[in-house]
Structures are given as C-alpha cells and as structure tokens.
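Just below is one structure, and these are the notes that go with it.
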Amino acid sequence: MKFLCTDCDTAMKFKDVTRPEQGSVTALFECPDCFTEIAMFLNPWETQMLKSLDLKLGGNEEAAQPMQMVRSQLETAKTEAMPNEFSPGMGSGETAEGGKCPFTSVISDAFQEEAAPVEPSGPVWSAEALERLERIPAFVRPMAKMGIESFAKDNGYAEITGEVMDAARGNFPAQF
Amino acid sequence: MRTYKELPSDAGSNIIGQVTAQMNRLQKRLASVKHTVAIMSGKGGVGKSALTANLATALTLKGSTVGVVDADINGPTLAKMMGVRSATLEYTPAGVKPAMTALGTKLISMDLLLAEDDAPVLWNAHTQKDAFTWRSTMEVGALREFIADTEWGTLDYLLLDLPPGTDRLPNVAELIPDLGGVVVVTIPSEVSQLIVKKSVTMARDILKVPIIGVVENMAFYVCQHCGEEERLFSTDEPLDTAFQQGLLGSVPFDPRLARSGDDGTLYLDEYRDTLASKVLMEVAEKVQAFFEKSP
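Structure below.
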C-alpha cells in the first residue's frame, strides 16, 4: 500500500495510527515535502484482516515472540497454556499480578488492540454532542471526533456541545 | 504523476518485509526437518487423525525422530489420541516446547491451548459478525506459527494432519513449498473415493506435490471369534484404479484401535502383533522407502 502526494509527486510517509474505535483503525500519512496529511480509515473487517496476518501498520521492529498471534488473539485459550505473564482476556500489557508486561505491551501494540478507557485530558463531551457524534458514520467517526476535539481545544472550549459541533462543522465534509 | 511501481517503497509499514520475516522464521525452523508429509483426504471421517497418530508412532518405533502438527485448527483431536492432552506447553524465547508422547513423538495442537472441552476456537475481534472475511486467514496464521514457533529440534519426519476439504493442502503448500509428499487416506466407499479423487488431483496436477501413496482405511473387519474377514462397506466396486497403483496398505477396522484413540494409548505399542499393526508398520516402511528413493 503506497500513497502519493499528487501536488508534490512525492511518496507519503506513515505518521501515526490510532487504536481501534469500534473496530476501526485510523492511519495518518504525511507528505515529507509539503506536510499535507491524509487519513486512511480501515473498517473493522480490514482491521481484523491486518491482525490475522500478524502485520503492523508503520512497521514492526520488535522481534517476533513464539506464537504471538495465537497467544494474543485466541479468546478461548486456557490460562495455563500461556506463559505466566500472559492470560487471555487481559487488557493491554496487564499481567495476572496486575503489573505491566513488556511482551504483552508489544503484542498489544502490534495488533493495535482496543485501548483501555483513559481519563479525558481535553474538552469533555456533553450528552447531546455524544448523541450527535454517534450519528456520524462509524468509519469516519474517529477522525471526526479527533477533529472536533482539536477544534474545541484550539478555540478554548472546555466542553463540546452542539453549538461547538456546529462551529466545527465547516471543517468537515461529513454532516453531524 | 508517478505510479505504484515507481514509488520506492510502501509508506513505511514495510508490509513485504514483515511477511518475508514471517516466512524466513518458518524456513529457518524447517531447515532442521528432513521430510515433511501431509496426511490428507478431502473427506471427513475416514480416519486421517488415527492414521497420523499411528504412522507417527510407527515411524518413531522404527527409530525416526517424528513431530506432528495437528493442522485441524477447529477440530483438533490428536492430543487426545496420542495421550498428551494434559501436557502444559512451555514457552521460551526460542519457541514453544511441544507435547511429547511416551515414545518421544512430538506434537503441537490447538487442543493444548483451549480452555475447556467444549470451548471452540474463538478469535478476539471487535465483532464475530462477518468473521468469514478473516477467520480462514487467522487459521493459516495459526498453522504457520505452529510449524515455525515449535521447538522441534532435528526431525526425520514432520507429519501434518490436515482437516477435511480439498482446499486445505494449498494452504500447507503455500507455507511449505518443499512439502515432501502426501499420504492420502480413503475408505472403500464410493462416496469417499469421489471426494478423495478431487484431493489427489489438487495435489498431483495443480500443486505438483508428490503423492507418497494411498491408505485404504477400515478396509475390512476381522471377526475376533472365527478370524474371517468381512468387508465393512458393501460396495461391489474395487478401490479406484488410480488408488490401487499407489496403495500403501489396507488397514482393517479394529475396535481396539478406535478404543486406543479414545483412551490416548498408543495402539501400535500396545498391540504390536495385530493385523492392523502389521499393516500400519508396512505403511511406515513404504513412507521411509519413498524418501530413501527420492531424497
């Protein structure tokens, strides 16, 4: 998969990838000449296909661990079949002792597993705004959410309301 | 505007490099395996797994070092049949130590990883809906890891017990381009032979994989009281001519063989003088002879 900046005729470079939201991954690519960014959205099937091929967007510099795909992806695995630092169903990098395991962190990163909920550090969403967000098509929702949060932060809004979404709407092709 | 081939590489993910690394890992592991053999049929219920378990045992008894991959990811039975179901896999940086039978045959099977008897193979996913789009890819990935990441050591033979379906061998041939050969299993019924013929065509004509030969399983039944042989399948048709030419052996149905599979005991070790054992040992000799003739 390759991307070309048609203005510069330059190959775009991978920049970043988000963890899946509702199974959909967003990958960012940037033109090294004009710094134009584009976002590529993988739908849940495409995201799952990438996982099943044991491939990582942006490259994988970590050495492969024995049976890493089976060990990290088998939901019905028995605990004792896994090394003591890994149990199925655990969150990213979490161990049976509650600590963080470097191996499972690598695996989780490799497969871009769903991130554990974290406390929001930016603007908070009102119930009405969240409801409107849900109406945005799933495959563009992560990017729209990032864009609205960025707009709110840049314009000093502590809470994202319907009015803030209206103000941000001009920046997005999708209607919400 | 430049085209796909004119751009120097992908955007930085190096997908081809990642896939190449996977295949290199596989090849490195297979470098210490002399011969790889797929046990296939295409048809379900003909006794592929029982034959695999006993062929592995026969080769081991003949002094060969043998590893077995239970390639039936969704219906794994070999751990039970070979009596190693309670084994705990040990993970090391070099790989996963396989389960080992009392005679020293090594085995890797999905059954050794599943939580409960009634637990199906279920993969983590945002949704299981439409899993048909990626599940078979996941299964091939699991098979690749079973072969590449198991610490086999040096093996004379690595046997792969394939699940039913004529589409299974191409997956294995993709992973193991130098597949040494295929042992085909059928039962005497016309229905079985109808399907098995398709698998033979796939192996011989499409994939160009050497056919070691055919095993006719459950060929007849020996009465334990009078010793008379009775055919189990009331077909008037003899075994297909193409199958007869490469026949490795006709294994009689022996209830003790079925019982051994359920009990996880090694039939060949326990009943060395039965007719079925003799035929199975002959099959193993013919497999060895095949590779001695064509190294």
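These protein sequence lines are chains H and R, in that order.
By the numbering used here, the letter at position 87 of the first sequence is numbered 200, and the numbering carries on one by one without gaps.
By the numbering used here, the letter at position 62 of the second sequence is numbered 784, and the numbering carries on one by one without gaps.
No residue lacks a Cβ here, since even glycine has one placed at the ideal position from N, Cα and C.
Exercise for review: Taking only beta-carbon positions, decide if Asp732 (chain R) is within less than 7 Å of chain H.
Suggested key: yes
Exercise for review: Since I believe Pro886 (chain R) is in contact with Ser763 (chain R) (beta carbons under 8 Å), could you give me their beta-carbon distance rounded to a whole number of angstroms?
Suggested key: 7 Å
Check your understanding: Under three-state DSSP, which class holds Val1001 (chain R)?
Key -> helix
Check your understanding: Does the segment 751-766 of chain R touch the segment 877-886 of chain R, meaning 3 or more C-beta pairs lie closer than 8 Å?
Key -> yes
Exercise for review: Confirm, please, whether the CB-CB distance from Met162 (chain H) to Phe142 (chain H) is below 7 Å.
Suggested key: no
Practice item. Indicate the three-state DSSP secondary structure (helix, strand or coil) for Arg282 (chain H) in the structure shown. Key: helix
Check your understanding: For Lys1015 (chain R), does the count of other Cβ atoms within 10 angstroms reach 16, so buried, or fall short, so exposed?
Key -> exposed
Check your understanding: In chain order, which beta strand (DSSP E) runs of at least 3 residues are fully inside the segment 866-925 of chain R?
Key -> 877-883 and 903-908
**Study point:** Cβ distance (whole Å) where Ala140 (chain H) is taken to contact Phe148 (chain H) below 8 Å
**Key:** Between Phe148 (chain H) and Ala140 (chain H) the Cβ distance is about 17 Å, and since that is not below 8 Å, they are no contact.
Review point. In whole angstroms, what is the alpha-carbon distance linking Gly986 (chain R) and Pro910 (chain R)?
Key: 26 Å
Practice item. Answer yes or no: does any C-beta atom of chain R fall closer than 7 Å to that of Lys126 (chain H)? Key: yes
Point to revise | Inter-residue CB distance, Pro842 (chain R) and Leu829 (chain R) (contact presumed, cutoff 8 Å) | key: With a Cβ gap of about 21 Å, Pro842 (chain R) and Leu829 (chain R) do not count as contacting.
Exercise for review: Mind listing the chain R neighbours of Pro250 (chain H)? Cutoff is C-beta to C-beta under 9 Å, in chain order.
Suggested key: The premise fails here: Pro250 (chain H) is roughly 16 Å from chain R at the closest Cβ pair, so nothing lies under 9 Å.
**Study point:** Close-in-space but distant-in-sequence residues of the same chain around Glu952 (chain R) (CB under 7 Å, 5 per side omitted)
**Key:** Phe942, Tyr943 and Cys945
Practice item. Consult DSSP for Ala778 (chain R) and reduce its assignment to one of helix, strand or coil. Key: helix
Point to revise | Within 7 Å of chain H by C-beta, residues of the segment 857-886 of chain R in sequence order | key: Thr859, Met860, Gly863, Ala864, Glu867 and Asp871
Point to revise | Heavy atom of the ligand NAP within 6 Å of Tyr879 (chain R) beta-carbon | key: This structure lacks the ligand NAP; in fact it carries no ligand of any kind.
**Study point:** Proximity of Leu773 (chain R) and Val937 (chain R) at Cβ, strictly below 7 Å
**Key:** yes
Point to revise | Asp839 (chain R) (DSSP reduced to helix, strand or coil) | key: coil
Check your understanding: Is there contact here, the segment 847-860 of chain R with the segment 907-926 of chain R, by at least three beta-carbon pairs under 8 Å?
Key -> no
Practice item. Assign Gly283 (chain H) to one of two classes, buried (16 or more other C-beta atoms within 10 Å of its C-beta) or exposed (fewer than that). Key: exposed
Check your understanding: How about Arg994 (chain R): is its C-beta nearer than 7 Å to some C-beta of chain H?
Key -> no
Check your understanding: Counting along the chain, where does the beta strand (DSSP E) carrying Ile151 (chain H) start and finish?
Key -> Glu150 to Leu155
Point to revise | Residue-chain proximity (Val806 (chain R), chain H), Cβ-Cβ < 7 Å | key: no
Practice item. Take Gly949 (chain R) as the anchor and find which of R:Gly968, R:Leu961, R:Phe975 and R:Gly935 has the nearest alpha-carbon. Key: R:Phe975
Practice item. Could you give the DSSP three-state label for Asp120 (chain H): helix, strand or coil? Key: coil
Exercise for review: Note the first and the last residue of the continuous beta strand (DSSP E) segment covering Glu992 (chain R).
Suggested key: First-last for Glu992 (chain R): Tyr989 to Glu992, but that is the alpha helix (DSSP H), not the beta strand (DSSP E).
Check your understanding: Ordered along the chain, which non-local residues of its own chain (more than five positions away) have a Cβ less than 6 Å from that of Phe955 (chain R)?
Key -> Pro910 and Ser911
Point to revise | Interface partners of Glu262 (chain H) on chain R, CB under 8 Å | key: Within 8 Å Cβ-Cβ: nothing; Glu262 (chain H) doesn't reach chain R, min ~22 Å.
Exercise for review: Please decide whether Val183 (chain H) counts as near chain R, where near means a Cβ-Cβ distance under 7 Å.
Suggested key: yes
Check your understanding: Thr119 (chain H) touches chain R at which residues, Cβ-Cβ below 8 Å?
Key -> Met723
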